[in-house]
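*Asks:* Take a look at the following structure, please.
Numbering (our numbering), first residue to last: 1 to 284.
In structure tokens form, the structure reads like this:
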């Protein structure tokens, strides 16, 4: 059975009645089925206008959960979202980007979900709707583990919320895979930072994905980078100790040791690239 509610409230009512499973772009749902048939009713929320808007308010930037990657890439968002746009351009093919949604990517909760590190650097939050009303929580708390979230059976993710002040950060995303596109990442890095008038880093937000069950920030490294004024200084401050707490796995894409080594190089490059976007032409 394929159900297509006309409003968010109607979709919430269907979930409350245990009428089926939510479907947005379907780019994760259908491949996960493999050879199995669809047995549960599907509740298509991809066309709900309440979930398709992107807005920049005085205090919050709101991305509707059913916004596609293509819509996010073309949206007039501030520089803090450059990393998210760079990640969006590497999520599957153009066809996938035209269908896949940011909410679906987060609910799928893959350790290799490209959108999570950029959103973590922006201190993004999640808005959820249910018969009990709306609630919000940090993205870092929403994803609990590999394919595990805090989403209740009767809840719908309605939006991703980012503090407006973080929209003005400089940001960059970098991903390592076996090839350039159409690949699950071996490791990926997102950086968002703020520089002082003299070019020194005064705020650094760094998140890494595909190197643990859940993408995570690196607070010790963030603190170590404060005050850095040159590319060479950045390279010296990023050390193996900053990735020592990660728990990468050995799989067909890479060994755990390779992921750790690659992560250090990716971090250095990503921070340097981000630094150079607005750094003065001195101190190199």
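Note that beta-carbon positions come from the ideal geometry of N, C-alpha and C, so glycine has one too.
Per DSSP, which one or two residues make a beta bridge with residue 88?
*Replies:* For residue 88, which the question treats as bridged, DSSP gives no partner whatsoever.
*Asks:* At a cut of 8 Å, does the segment 102-116 reach the segment 142-156 through at least three beta carbon pairs?
*Replies:* Contact holds: three or more Cβ-Cβ distances are below 8 Å.
*Asks:* Spatial neighbours of residue 125 within its chain, please: CB distance less than 8 Å, with the 5 preceding and 5 following residues excluded, ordered by chain position.
*Replies:* Contacts found: 136, 137, 138, 139, 160, 161 and 162.
*Asks:* Please say whether residue 211 and residue 270 have beta carbons closer to each other than 8 Å?
*Replies:* Contact: no.
*Asks:* Grouping DSSP H, G and I as helix and E and B as strand, with all else coil, what is residue 209?
*Replies:* Correct three-state label for residue 209: strand.
*Asks:* Given residue 190, which residues of its chain have a CB within under 6 Å of its CB, disregarding the five upstream and five downstream residues?
*Replies:* Counting only Cβ-Cβ distances below 6 Å, and skipping sequence neighbours, we find 83, 117, 118, 121, 173 and 207.
*Asks:* Residue 195 by DSSP, collapsed to three states: which one?
*Replies:* DSSP places residue 195 in strand when its eight states are reduced to three.
*Asks:* Can you have a look at residue 220 and say buried or exposed, based on whether 16 or more other CB atoms are within 10 angstroms of its CB?
*Replies:* Exposed.
*Asks:* Measure how close the beta-carbons of residue 158 and residue 3 come, nearest whole angstrom, since I'm counting them as under 8 Å.
*Replies:* Not confirmed; about 18 Å, so no contact.
*Asks:* Assess, as a yes-or-no matter, whether the segment 63-71 is touched by the segment 43-52 under the definition of 3 or more beta carbon pairs within less than 8 Å.
*Replies:* Touching, yes.
*Asks:* Need the endpoints of the alpha helix (DSSP H) that residue 309 sits in, please.
*Replies:* Outside the displayed span of the chain (1 to 284) sits residue 309, for which this structure offers no information.
*Asks:* Smallest Cα separation from residue 52: which of 70, 35, 40 and 59?
*Replies:* Residue 52 has its Cα closest to that of 70, out of 70, 35, 40 and 59.
*Asks:* Whole angstroms is fine: what's the gap from residue 253's alpha carbon to residue 164's?
*Replies:* Looking at the two C-alpha atoms, the distance is approximately 37 Å.
*Asks:* Closer than 6 Å by C-beta to residue 194: which residues in its own chain qualify, once you throw out the five before and the five after it? Chain order, please.
*Replies:* The answer, listed in chain order, is 169, 202 and 203.
*Asks:* Roughly how many whole angstroms lie between the Cα atoms of residue 235 and residue 272?
*Replies:* Computed Cα separation, rounded: 8 Å.
*Asks:* Write down the C-beta distance between residue 114 and residue 230 rounded to the nearest angstrom, noting that I regard them as a contact closer than 8 Å.
*Replies:* About 30 Å separates the two Cβ atoms, so there is no contact after all.
*Asks:* Out of curiosity, what's the CA-to-CA distance linking residue 130 and residue 241?
*Replies:* The alpha-carbon atoms of residue 130 and residue 241 are separated by roughly 43 Å.
*Asks:* From the DSSP output, which residues share a beta bridge with residue 22?
*Replies:* Answer is 43, bridged to residue 22.
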